[in-house]
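Here the numbering used here is used: the first residue of the sequence shown is 1, the next is one more, and so on.
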Amino acid sequence: MPQILFSRNELYYSDYFRRDLWQRRAWRMLAEHELKAWLAGRSLGAASHHVVPTAAMSAHLRKAGVLSDAIAVLPFGFDPEIFTQSKEPLAAEQLAKLQSTPTASKILYVSHYNYFRNFETLLRALPLIKEKIGRPVQLVLTTELRRDGNYGGYDATRDVELIERLKLTDDLVMLGAVAYRQLHEVYRACDLFACPSYAESFGHPLLEAMANDLPVIAANLPVHREICQNAATYFDVFDETELAIRVAEVLKDEPLRKRLVEAGRQRVKEFSWDAHVEGLMQLMDEVLSAA
């Protein structure tokens, strides 16, 4: 019986994540992760065909021993009209937070909290960004970083201590969770999108940012370059200084900003749910015909 396996968890192949857990001494989480990675590997061996959302993810499967001919790369789709169609305003409290410092340049990062989203590099870059552009800057987050927060087993204490040590409290706009139908309002209230994640299988927020005319600055990962291409600038994954330089360039260089925005508009058009479904149906037809 042929089996199609959809693989989209890049963490199972991420040396960055393993190293991060080791450095944090998160032994239980590391052990659980290794068990899940082993089970994922067993699943790869049991499947006859594989679907991944990016060529970057395909490379991980090939490294794990899956033959190239058995892998179909089917990028996820994105529909800007659906994403921006809701007219429902943000909650009053969230809107007030966004408007608290009208003169500040706003850097947005859309993500729930976990380790592989690499919040620490972004936080360390914030004082450097302020120094380079010489005006108020705010980092807008769609989560709240707390010592007692429940983040699915992840502990934000180290991030909170970094915020306190760098005196960043007044420079952060922590909105908490934002309803998906309202999320486009957050993008439109900000000046650029930063994505420091060190592990990713696709990255819909990159497309959401480009669809809302935000220039993108992303960690230099194959998956980010695959999704954004020339619609983003890139920085070394854990280098807060290079991240600060890239942010300052985009905030101060209007021609660069316009080029990134226009490239983003064009890039978003290349992602279609219709194409994704058609590719999946074609794969299933081929598998059934060969059975």
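Cβ coordinates follow ideal geometry from the N, Cα and C atoms, glycine included. Here the structure is a predicted model, which is why all the values come from computation and not from measurement.
- Per the coordinates, the alpha-carbon of A96 lies some 34 Å from the alpha-carbon of N230.
- A contact between stretches requires three or more CB pairs, one per stretch, nearer than 8 Å, and the region 199-218 meets this requirement with the region 46-58.
- For a cut-off of 8 Å, the C-beta gap from L126 to V173 is around 12 Å, too long to register as a contact.
- Annotated three-state conformation of F238 is coil, per DSSP.
- A check of alpha carbon separations from W27 across C228, Y154, T103 identifies Y154 as the nearest.
- Boundaries of the alpha helix (DSSP H) harbouring L95: 92-98, taken from the DSSP string.
- In the DSSP assignment, S7 falls outside any beta strand (DSSP E), carrying neither H nor E.
- Of all alpha-carbon atoms in S48, R135, T169, Q94, the one lying nearest the alpha-carbon of D69 is that of S48.
- According to the DSSP assignment, C190 belongs to no alpha helix (DSSP H), since it is labelled neither H nor E.
- Under the three-state reduction of DSSP output, V51 falls in the strand class.
- Under DSSP, M174 takes part in a beta bridge, and its partners are L141.
- Where V277 is concerned, the enclosing alpha helix (DSSP H) starts and stops at 273-290.
- In the DSSP assignment, A26 falls outside any beta strand (DSSP E), carrying neither H nor E.
- For A156, there is no enclosing beta strand (DSSP E), since its DSSP letter is neither H nor E.
- Classified as buried, N212 has 16 or more neighbouring CB atoms from the shown chains inside 10 Å of its CB.
- If the five residues before and after V160 are omitted, its C-beta is found closer than 6 Å to the C-beta atoms of L145, R147, all from its own chain and listed in chain order.
- L183 counts as buried, since no fewer than 16 other beta carbons sit within 10 angstroms of its beta carbon.
- Its Cα nearest to that of L175, the residue A92 stands out among H224, P2, A92.
- By the Cβ neighbour-count rule, R267 is buried, with 16 or more other Cβ atoms within 10 Å of its own.
- Cβ atoms of C190 and K106 come within 8 Å of each other, at about 4 Å.
- Around the Cβ of P215, a 10 Å sphere holds 16 or more other Cβ atoms; the residue is buried.
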